[in-house]
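Residue numbers (my numbering), protein chains in the order written: chain B, 4 to 279; chain P, 63 to 494; chain R, 61 to 358.
Ideal Cβ placement from N, Cα and C applies to all residues, glycine included.
Since the structure is predicted, the reported quantities are computational estimates derived from the model, not experimental observations.
Beneath this line is the structure, given in structure tokens, with notes to follow.
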């Protein structure tokens with residue numbers, strides 16, 4: 004009885020918390036709700052701010068696939084984002100592993116230098132990078148898209164931080180068992196760091212999927228374009244169909260949301276390790 | 063378990079990398095010598111693209127049945143400009159198509175900056191005297207022709223005659239009137255109908271340029287900004303500000319705000335812009351028959367104002383491997399073919415600036431949406447009156463600063479200092 | 061480790077270098093080399109196909125400080141930085157603190173709701189906000205029907221409100237992202253620390269400043285650097301939400317640099333590079349200050 008009372012007292016004290024969280028959740032989810040309803044309305048209703056579901060979903064979708072290469076852009080976005088995620092995770096986790104578990108003065112200095120790259124603005128390197136990529140004949144290819152972002156200081160830092168929790172003792176044990184350093188990475192580090200990989204995968208995938216400035220420069224062929232480019236194109240067209248645009252926006256947002264939902268738990272765990 | 067995990071990851075990496083390598087690098091856009099294909103970058107699916115399709119059909123029917131025009135649609139004119147900038151800056155032209163559609167106001171600077179990106183049309187078989195002088199003044203650089211005009215940028219002023227009637231006016235009252243008279247009618251129109259007599263894209267600032275040209279004046283003089291010293295400019299800015307403050311003119315935030323909200327959203331009783339705005343006006347079916355077009359007001363009144371705004375032309379790029387075919391195609395279509403221009407007009411509302419093509423039957427038909435008025439032939443006729451004014455590579459930069467000045471004046475700055483500010487910034491941007 | 065035999069240590073050391081080599085090489089090629097090239101370009105002028113050394117050599121840099129529009133863009137960017145980053149980070153810590161309560165129900169639902177905006181593309185998010193705040197848009201119709209506004213207000217066409225919309229969009233989009241880092245940091249703090257504080261009679265406010273903030277310090281520094289960096293390079297919102305308008309009143313540094321490189325008929329790479337370098341130096345200075353202020357690493 005008292006325990007129950009106690010519990011309800013706690014919950015009562017949490018009422019302001021609940022109110023605040025509900026308000027914030029509404030604020031942050033509303034734009035997404037709006038995106039979904041707008042995708043089902045015609046352009047006039049969207050422009051006038053109709054917030055309930057309409058009946059134009061099919062028509063908007065048909066207009067979208069008729070006027071835009073939706074599946075092509077989806078396919079491209081998935082290809083670029085997956086390749087970038089896999090390679091970035093491999094390269095950056097190797098580096099994080101190397102920096103933390105084999106660290107010495109020289110490597111720490113190098114790490115500090117690499118962190119500087121975080122501060123290099125994208126607009127500054129865009130032109131020289133474009134020259135490099137076009138010189139290597141990689142325009143409009145997945146490599147042109149991913150190479151500049153395949154190793155990022157942030158990801159290395161994340162793996163490096165997480166590696167602090169990696170039990171060093173078992174490395175010693177493994178060495179005595181005759182495992183090579185590479186084997187230690189693949190057989191011990193990879194499985195132990197699962198949640199870090201999941202968190203990193205979510206972040207890299209989202210960044211790759213959402214990137215806009217660089218693809219605008221390097222993917223000049225409409226056949227190579229990505230989803231964000233596709234919807235930005237719809238938005239900058241000479242006449243704008245809002246319903247269709249929102250349908251495109253919805254398609255652009257769904258994959259990253261789904262991936263976040265699936266990996267949510269591991270994501271939280273991985274981030275927890277990174278900030279320890 | 064661990065082994066499994068590792069092999070899984072490794073297989074994953076390898077599989078994905080292989081897919082990625084196998085993904086074909088998109089082929090260069092340019093065509094090879096001797097075949098029947100040309101590629102072109104263009105924008106606006108409702109306007110330029112139908113015109114290009116019309117030209118393709120014309121060339122197929124009358125010259126080469128195997129001909130294919132590969133139209134690569136871009137989302138906006140700036141995409142084409144960026145493609146040329148990137149190609150020229152990196153020295154790699156392989157991603158450019160054979161032909162690009164290019165904005166008139168930018169081409170002079172692009173030819174000056176990137177001479178290798180273009181092919182001169184000195185030996186093309188086109189009778190240039192058949193084209194409007196003003197239009198050709200953009201694509202002719204040092205007396206050499208580089209581009210073949212597609213459309214005609216002649217400015218029109220379209221009015222809702224039904225609404226004017228409600229206020230007790232006719233379109234004749236607005237033809238050849240002064241801006242002061244226009245403002246009086248505009249005030250009445252807003253009071254009576256709640257609609258603005260004019261709207262414009264506030265960030266694009268087409269307005270001061272067109273108004274200046276209607277007076278025969280320019281924003282530039284001898285290659286330098288001509289703003290604060292330019293009496294006409296000062297008067298025009300004052301008129302524009304007066305129009306905004308008295309609810310005669312509404313400025314949209316950007317292009318889509320201008321077209322979607324003010325024109326398609328039925329906020330206005332009048333539209334003034336290059337005639338390529340007509341398809342936008344026509345997107346409201348319930349207003350069919352209620353519009354008519356005429357010329358622009360002027361400061362003094364008593365005469366009609368003529369201006370042009372924002373057209374484009376086709377240019378052969380430095381990546382074209384089949385220049386002869388490209389020249390032949392351009393000459394036999396946009397170079398003066400009635401078939402091309404008639405179809406371009408019907409499918410895309412693209413109006414020619416080729417004088418002989420503008421005399422065809424199609425051009426003389428009355429247009430139902432515009433109350434049966436034969437607007438096309440009217441526009442071609444109007445186009446011949448447009449006075450060429452001094453152009454400059456910094457055309458759009460200038461427009462931007464003038465636009466900022468208008469914003470500042472609306473926020474309370476005085477006209478003189480706002481314009482002086484614009485002029486000094488423009489001079490600065492031009493490196494003067 | 062130095063007790064091991066030298067051969068073994070050297071071997072391990074070499075393995076370490078091999079591990080970090082690919083990433084380091086990529087960063088040098090893809091970030092530092094282009095940065096050096098951009099630095100050289102920043103001393104040149106002329107058509108981007110045929111650039112010449114500037115005369116005087118610092119021309120682009122002196123020009124930059126006389127360029128009112130660039131200064132406007134610097135001002136705007138700092139305005140976004142000074143208003144948005146503190147509000148966002150405080151909200152993020154607050155949300156994390158609230159969500160870290162073990163008695164709270166529906167924790168997962170709230171956490172997902174708060175994070176979800178980050179899962180949408182910046183471009184999508186900007187376009188959503190653009191349509192919400194359009195003159196005939198939803199926000200206006202709600203405000204007018206509630207009687208707060210007399211007539212529709214042109215949010216994106218008025219300088220101060222357009223800036224406000226950008227800030228709201230940024231806060232909405234990024235608060236959840238930072239919250240995740242704080243929440244993770246909080247979960248690393250033993251609950252017993254709070255219990256002890258409670259027994260000592262510390263109230264919520266005191267525990268927050270006395271325990272939470274100091275223990276979260278490394279995370280706070282990290283999010284600060286990330287946010288400063290992200291805001292100083294703000295591009296997508298400015299381009300897709302307001303196009304920098306009205307009349308360049310909301311333009312950001314990155315957007316202005318982009319305009320000087322592409323799109324507006326001017327490919328002024330030399331000048332654009334000089335401005336980009338200015339941004340780089342700003343980010344670096346702010347990051348160093350941040351690290352120095354909060355350096356607690358042992």
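- Contact of residue 245(B) with chain P is assigned, a C-beta pair being separated by under 9 Å.
- Using a 10 angstroms sphere on the CB of residue 154(P), the tally of other CB atoms reaches 16 or more, which defines it as buried.
- Against chain P, a Cβ distance below 8 Å from residue 79(R) picks out nothing, because the smallest value is about 16 Å.
- Contact between the stretch 202-222 of chain B and the stretch 141-150 of chain B is present, with at least three C-beta pairs closer than 8 Å.
- At a cut-off of 9 Å, the C-beta of residue 311(P) has no neighbouring C-beta in chain B.
- Proximity of residue 131(B) to chain R, defined by a Cβ-Cβ separation below 9 Å, is satisfied.
- Annotation for residue 220(P): the continuous beta strand (DSSP E) segment containing it runs 217-222.
- One thing to note: residue 136(P) has its Cβ within 9 Å of the Cβ of residue 225(B).
- Going by beta carbons, residue 344(R) and residue 250(B) fall outside the 9 Å limit.
- DSSP places residue 132(P) in the strand class (E or B) of the three-state scheme.
- For residue 488(P), the enclosing alpha helix (DSSP H) starts and ends at 477-491.
- Residue environment analysis places residue 241(R) among the buried positions, since at least 16 neighbouring C-beta atoms fall within 10 angstroms of its C-beta.
- Closest in alpha carbon position to residue 312(P), among 252(P), 149(P) and 404(P), is 252(P).
- In the assembly as shown, residue 181(B) is an exposed residue. Its beta-carbon has fewer than 16 other beta-carbons within 10 Å.
- For residue 274(P), the closest Cβ of chain B is not nearer than 9 Å.
- Taken atom to atom, the span from the alpha-carbon of residue 215(P) to that of residue 166(P) is near 10 Å.
- Runs of the alpha helix (DSSP H) lying entirely within the stretch 245-285 of chain R, each at least 4 residues long, are 251-259 and 264-267 in chain order.
- Chain P places a beta carbon closer than 9 Å to that of residue 142(B), counting this residue as a contact.
- The Cβ neighbour count for residue 122(R), taken over all protein chains shown within 10 Å, is under 16; the residue is labelled exposed.
- Non-local beta-carbon contacts of residue 90(B) in its own chain, meaning distances under 7 Å to residues more than five positions away in sequence, involve 149 and 153 in chain order.
- Under the three-state reduction of DSSP, residue 346(P) is assigned to coil, being neither helix nor strand.
- In this structure, residue 130(B) lies near residue 101(R), with their beta-carbon atoms less than 9 Å apart.
- At least 9 Å separates the CB of residue 121(R) from every CB of chain B.
- In terms of CA proximity to residue 485(P), 468(P) leads the group 474(P), 468(P), 472(P) and 473(P).
- In this structure, residue 353(P) lies away from residue 425(P), with their beta-carbon atoms at least 9 Å apart.
- Annotation: residue 307(P) to residue 258(P) spans about 12 Å, alpha carbon to alpha carbon.
- A straight line joining the alpha-carbon of residue 293(R) with that of residue 314(R) spans about 6 Å.
- Of the residues assessed, residue 36(B) falls on the exposed side of the cut-off, its CB having fewer than 16 other CB atoms within 10 angstroms.
- Apart from sequence neighbours up to five positions away, the residues of its chain that approach residue 92(B) with a beta-carbon distance below 7 Å are 200, 203, 204 and 207, ordered along the chain.
- In this structure, residue 230(R) places its C-beta atom within 9 Å of the C-beta atom of residue 148(R).
- A Cβ-Cβ separation of about 19 Å leaves residue 186(P) out of contact with residue 401(P) under the 8 Å criterion.
- Beta-bridge pairing by DSSP links residue 104(R) to 113(R).
- Annotation: Cβ neighbours of residue 182(R) in chain B (cutoff 7 Å, chain order): 213 and 215.
- Between residue 132(R) and residue 309(R), the CB-CB gap stays under 9 Å.
- Among the residues of chain B, those whose CB is under 8 Å from the CB of residue 296(R) are 215 and 216, following chain order.
- Any Cβ of chain P closer than 9 Å to the Cβ of residue 82(R) would place that residue at the interface, and such an atom is absent.
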